[in-house]
Amino acid sequence: MKKKIIFVILAGLLLLSLVVSAAGCGQPRLKVATTTSLYDSGLWDYLAPFFEEEYGVKLDIIYAGTGIALEYGMRGDVDIIAVHSKSREEQFVAEGYGVERVPFAYNYFLIVGPADDPAGIKDMNPEDAFRAIYQAAGNRFISRGDDSGTHGKEKAIWASAGYDYEAVKTAGQWYVEAARGMGPTLLMASEMDGYTLTDIGTFLSYKSELELVPLVEEGAILLNVYSAIAVNPEINPSTDIEMANNLIAFLTSSQIQELIGNYGVEQYGEPLFTPCAGAEPES
Amino acid sequence: MTELWEALVTAVKLIISLDPEVMQIAGRSLAISATSSVIAALLCLPLGSVIHFNRFPGKRTLINIIQTLFSLPTVAVGLFVFVIFSNAGPLGGFGILFSPTVMVIGQVILISPIMLGLIISALSATDKAITDTAVSLGASGFQMAAVTLREARFGVLAGLIMGFGRAISEVGLSLMVGGNIRGYTRTITTAISLETSKGDLELALALGIILIFIALVINIGLNRIQQR
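Protein chains in written order, with the working numbering: chain A, 29 to 311; chain B, -17 to 210.
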C-alpha cells in the first residue's frame, strides 16, 4: 500500500516535469534581453503575442538593466537586446558583439520628486536641477545605481552639470543608490520623499502607486531612445539571426510602430512611447 | 493591516477561481522543485548511506563541509551555475541557460547538502543494535542500509522535506539562471519578486500565501506516508 502511494506520487511528479519540459521544447524560442523600463511598462507583454503568432516562435523576454542586458549579449546568452544607452550600444556594435543598432521608439526622461519640491527645482533645466539638489544636500536623490541606461543618463547629466560622478556618489547621505529596476527605485523615492530620474513610461505606469510629481521635463539631454540590436552570430553561434532580424523588422514595421505609438493612451491618457522606425530621433 | 487582509482575499480568490496564469505558475514551481527534490533524494540516499556506514579518514571533516554548505547563498549558486552554463562558459554548448532544466540543476546543487547532511544525522541517530543484528543475520550491505534507512525514516523524511522547502522557496537562483520568463521559467517566488518590484503588493503577498498552501498540502501528504 505504502509502496503504491509512493509510486503514484513519483509517477505524478514525473508526469508533471514532463509536461513542464514539453511546454519548453518543440517550439523555437527567441531570447530577448530587454531593459527593465521597457518591460515594466508592459510593452513586451503587449507586443509579444503578435510576433509569436506571425512567426510561430516563442519570445523569451528576460528583463535586466541595460548593463546586464549588454553583458548577456556579449556572452552570447541571448539572440537580441533592446536597450537605451546610445554610447554603450555603439560600443557594443563597434566591438563586434552586435550587428546593427536600430532605434525603434523614444520618449523622455524626467526628474520627479515630492510635490512640495523642497529643493525648488521645478521647471529648471536638468543640469540646474541637479545642481540645486547637490547644493541643497538635504533632499534625498535616489539613483538607480545599477549601471542601467537610466543610470548612464543620470551620470551624463551630472557630468553636463559640471560634477565628477565619483564625487557625487560619495557627497553625502542624501545620495542613495537603489541598485534596482526603475519601478522599485520610484517606489523607494516615493517612500523616502526623494527625487529621482525616471523614464516617462515607467513613471506613468507606476503613477498610481507613487506620491511623486514630474518637476523637470524639458531639456535636450533628457531624450531617451530605445534600440534593438541583434547579437552577432559570430559571437553566439546559436543565435537565430534570421529570427532576430524578423523581430527588428517587426518592431519597425508600420503596423507595430502604430501600436507602440498608441500604447498606454487608453490606460494613462497619453502615449508612453513615440515610434521612430529605425531612424535616430531629433531632440 | 488592510493590505494583508486584501492579500488574503486576493489569494483565496485566485485559488478558488483557478486563475489560469497563477495555476500555471504554481504548477511550474511545484514541478521544478519536485523534480530537483526527487533527483537530489536519489543522489543523497545512497551517498548518505555510503558515508554513514563507512569509516574513512576525513569523515568528520567531510560532514563538517556538508553542514557548512547548508548555508550556501542561493545567489552564489545562481552565479556559479550561470557562469558554467552561459554560452561563454564551459558548458554553454548545452544551450540550457534561461530554461527550467538549468533551474533544476541549480536547485539540486543547492539542496543536496541539506538532504545529505540530514540523512547522515538521521542514520547516526538510529540504534546501533539494529545494524549489528542485521549484519549478524547475514544481511548484505544494501539490506543493512535499507533496514537502517527504514528505521531512520522520520529523520530522513524531514531531511527530504527541508530540501524541498528550500527548493520551492528560493528566489535568487531561479531569477538569475531562469530569467523569470513569462510562461516558461516564472515560478511563484520570481513572480513575487516581479510583482513586488511593480508595486503590486497584494498580488505578491497572495502568491506567497499560495506557496505556503502548496507546501502545506505536500507536507500533509508526506506525513501521511511517514505515519504508515
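Even glycine gets a Cβ: it sits at the ideal position worked out from N, Cα and C.
CB contact below 8 angstroms: residue i versus chain B
i: ASP88/A; result: yes
i: ARG208/A; result: yes
i: GLY200/A; result: no
i: ASN264/A; result: yes
i: GLY104/A; result: yes
i: LYS6/A; result: Since the first residue of chain A shown is 29 and the last is 311, residue 6/A is not available in this structure.
i: LYS59/A; result: yes
i: ASP145/A; result: no
i: ASP174/A; result: no
i: ASP156/A; result: no
i: ASP68/A; result: yes
i: ASP151/A; result: no
i: ASP73/A; result: yes
Short CB-CB distance (under 8 angstroms) between residue i and chain A
i: SER179/B; result: yes
i: ILE163/B; result: yes
i: LEU79/B; result: yes
i: LEU(-10)/B; result: no
i: PRO2/B; result: no
Coil, strand or helix - residue i by DSSP
i: PHE52/B; result: helix
i: LEU58/A; result: strand
i: ILE284/A; result: helix
i: VAL140/A; result: strand
i: LEU238/A; result: coil
i: PRO28/B; result: helix
i: PRO39/B; result: coil
i: VAL106/A; result: coil
i: VAL90/B; result: helix
i: GLU2/A; result: With chain A covering 29 to 311 only, the question about residue 2/A has no answer from this structure.
i: GLY70/A; result: coil
i: LYS150/A; result: coil
i: PHE120/A; result: helix
i: GLU262/A; result: coil
i: ILE200/B; result: helix
i: PRO309/A; result: coil
i: ALA8/B; result: helix
i: ALA217/A; result: helix
i: GLY126/A; result: strand
i: PHE80/B; result: coil
i: TYR100/A; result: helix
i: THR169/B; result: coil
i: TYR162/A; result: helix
Burial state of residue i, where buried means 16 or more other Cβ atoms lie within 10 Å
i: ALA23/B; result: buried
i: ILE115/A; result: Looking at the sequence shown, residue 115/A is not Ile but Ser. Exposed, since its Cβ has fewer than 16 Cβ neighbours within 10 Å.
i: ASP268/A; result: buried
i: ILE202/B; result: exposed
i: GLY180/A; result: buried
i: GLN125/B; result: exposed
i: ASP105/A; result: buried
i: ARG168/B; result: buried
i: ASP151/A; result: exposed
i: SER19/B; result: buried
i: MET29/A; result: Bear in mind that the predicted position of MET29/A carries a pLDDT of just 49, short of 50, making it unreliable; the figure below should be weighed with that in mind. So MET29/A counts as exposed.
i: ASP192/A; result: exposed
i: ARG148/B; result: buried
i: VAL63/B; result: buried
i: LYS86/A; result: buried
i: ARG42/B; result: exposed
i: GLU117/A; result: buried
i: ASP227/A; result: buried
Residues of the stretch 139 to 150 of chain B with Cβ closer than 9 angstroms to any Cβ of chain A, in chain order | none
What are the residues of the stretch 211 to 245 of chain A that lie near chain B, defined by any Cβ-Cβ distance shorter than 7 angstroms?
-> GLY211, PRO212, LEU215, TYR234, GLU237
Sufficient close CB pairs (3 or more, under 8 angstroms) joining the stretch 174 to 193 of chain B to the stretch -14 to 3 of chain B = yes
Count the CB pairs spanning the stretch 255 to 265 of chain A and the stretch 161 to 170 of chain A that are closer than 8 angstroms, and state whether there are at least three.
-> no
Give the residues from the stretch 52 to 81 of chain B that approach chain C closer than 7 angstroms (Cβ to any Cβ), ordered along the chain.
-> In the displayed structure, chain C is absent; the protein chains listed are A and B.
Stretch pair the stretch 92 to 109 of chain A + the stretch 232 to 252 of chain A: three plus CB contacts closer than 8 angstroms | no
Short-range partners of chain B found in the stretch 263 to 291 of chain A, where Cβ spacing is below 7 angstroms = ASN264, SER266
Tell me, please, whether the stretch 137 to 154 of chain A touches the stretch 208 to 227 of chain A by the rule of three or more beta-carbon pairs shorter than 8 angstroms.
-> yes
Taking 8 angstroms as the threshold, find out whether the stretch 72 to 86 of chain B comes into contact with the stretch 30 to 37 of chain B through three or more Cβ pairs.
-> no
Do the stretch 104 to 118 of chain B and the stretch 158 to 167 of chain B meet, that is, are 3 or more Cβ pairs less than 8 angstroms apart?
-> no
Taking 8 angstroms as the threshold, find out whether the stretch 48 to 67 of chain B comes into contact with the stretch 93 to 100 of chain B through three or more Cβ pairs.
-> yes
Take every Cβ of the stretch 57 to 76 of chain A, pair it with every Cβ of the stretch 291 to 305 of chain A, and state whether three or more of those distances are shorter than 8 angstroms.
-> yes
Would you say the stretch -7 to 0 of chain B touches the stretch 119 to 133 of chain B, given that touching needs at least three Cβ pairs under 8 angstroms?
-> no
Cβ contact check for the stretch 284 to 295 of chain A and the stretch 121 to 131 of chain A: 3 or more pairs under 8 angstroms = no
Are at least three pairs of beta-carbons, each pair with one atom in the stretch 53 to 70 of chain B and one in the stretch 135 to 155 of chain B, less than 8 angstroms apart?
-> yes
Residues, ordered as in the chain, of the stretch 107 to 118 of chain A that lie near chain B by beta-carbon distance below 8 angstroms | none
Within the chosen definition, does the stretch 184 to 203 of chain A reach the stretch 235 to 245 of chain A through at least 3 CB pairs nearer than 8 angstroms?
-> no
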